[in-house]
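See structure below.
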Ligand code: ASP
Ligand code: MG
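Residue numbers (the working numbering): 435 to 855.
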């Protein structure tokens with residue numbers, strides 16, 4: 435059994451839906467679990483619905499949701515014929531779930547509503563994909579992942595209950611695979627014991643694929659993307675970016691940690707624990723080799739480059755010039771977690787703590803205000819954080835260019851340079 439994952443770009447319109455459907459069909463000579471995320475930019479559009487609803491603009495929320503409904507329905511018209519009526523019925527059930535909620539008054543917090551609303555993106559796309567596969571004559575079954583992926587109630591960043599989920603996923607897969615070749619389900623979403631919908635964090639569908647693969651002991655996971663493979667740098671920014679055909683699990687964890695937008699960071703562990711290889715392939719040209727990630731250590735990798743823009747340097751200096759004691763630092767760290775600010779790099783000096791963070795203005799303002807009780811806080815915006823793994827001095831010099839380095843940290847494998855550009 436293999437697990438496939440299709441992201442938003444692979445189903446962004448009717449023609450991509452058709453191509454991805456054909457690709458799934460082609461591989462359905464063996465049992466497949468197919469994890470699908472929401473179409474194109476649907477998740478972003480649903481976030482707007484949440485914003486409108488939670489700020490009391492019910493009409494706007496309903497109107498924006500209606501746009502999504504219509505686009506999904508017209509896609510069905512384009513793709514389906516004999517499966518059209520039954521697919522529309524299933525979609526309408528999902529629409530009702532959201533509209534019922536949107537007609538209500540918001541009484542719970544933002545994150546709760548976010549998950550109840552945003553989860554429909556994946557429900558809609560998978561219902562259509564299942565309809566399409568049946569239309570094409572493939573043996574496919576649809577599963578509402580919220581019936582099998584149990585999570586806690588930390589909305590927008592839910593933690594998976596592995597024990598319960600393992601049992602539920604195994605039972606459901608055994609049952610559905612006993613008479614169907616393809617099992618289609620949603621990435622990114624789950625549900626609590628109380629049947630409240632949850633989400634696993636943006637771009638979380640890769641993680642769902644890894645969870646299913648782990649639980650069902652899949653032979654491999656393939657993530658189908660619109661890039662040919664994992665590259666050593668973002669090809670949109672670097673003309674000379676190259677493909678990396680083989681990588682180790684550890685390397686990918688490091689890359690994700692430093693902010694390379696390759697694969698959702700939580701994806702690797704469930705695969706590594708069971709030694710299940712992860713393949714990254716292009717749905718635009720499946721004949722290309724792509725990348726294979728497994729436990730094998732790969733020597734002589736090219737320099738792997740991550741450039742994060744919109745970075746902020748925060749400098750916390752103790753007011754009375756006293757040394758930073760552990761206690762003061764833990765106090766400051768608790769403020770960082772309370773405001774959900776994660777330092778990308780931090781460095782301690784005798785009386786200051788320097789932290790490079792993403793620019794999330796509201797969170798930073800709240801953090802600095804509270805930290806201001808004990809520290810003088812300075813802030814510098816619009817910086818770039820360059821991370822290079824497997825660096826060599828010449829390449830590094832070229833990457834820094836005219837940038838002025840204001841903070842550096844390095845290990846034998848990795849260098850990070852925060853700079854003004
Ligand atoms: N649809 C979700 C998102 O856009 C999950 C995913 O794509 O993996 O974040
Ligand atoms: Mg996506």
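Just so you know, even glycine gets a beta-carbon here, dropped at the ideal spot from N, CA and C.
Asked                                                                                                               : Found
Residue list, Cβ distance to ligand 1 heavy atoms smaller than 6 Å                                                  : 441, 442, 471, 472, 477, 555, 621, 622, 636, 637, 638 and 639
Residue 583 and residue 624 closer than 7 Å at C-beta                                                               : yes
Residue 620 - containing beta strand (DSSP E), residue span                                                         : 616 to 620
Check whether residue 740 and residue 821 have beta carbons under 7 Å apart                                         : yes
Sub-7 Å separation of residue 631 and residue 550 beta-carbons                                                      : yes
Terminal residues of the beta strand (DSSP E) in which residue 751 lies                                             : 738 to 752
Buried versus exposed, by CB contacts within 10 Å (16 or more), residue 691                                         : exposed
C-alpha gap between residue 800 and residue 750, whole angstroms                                                    : 14 Å
N- and C-terminal bounds of the alpha helix (DSSP H) containing residue 558                                         : 554 to 569
Beta-carbon gap between residue 467 and residue 437 smaller than 7 Å                                                : yes
Ranges of the beta strand (DSSP E) found wholly within the stretch 646 to 703, counting only runs of at least 3     : 654 to 659 and 680 to 682
Endpoints, the alpha helix (DSSP H) within which residue 796 is located                                             : 795 to 805
Inter-residue spacing [alpha-carbon to alpha-carbon] between residue 665 and residue 737                            : 10 Å
Own chain, CB closer than 8 Å to residue 507, minus 5 neighbours either side, in chain order                        : 522 and 525
Residue 619 classed as buried or exposed, judged by whether at least 16 other C-beta atoms fall within 10 angstroms : buried
Assigned exposure category for residue 645 - 16 Cβ within 10 Å defines buried                                       : buried
Exposure label - residue 698; buried when at least 16 CB within 10 Å                                                : buried
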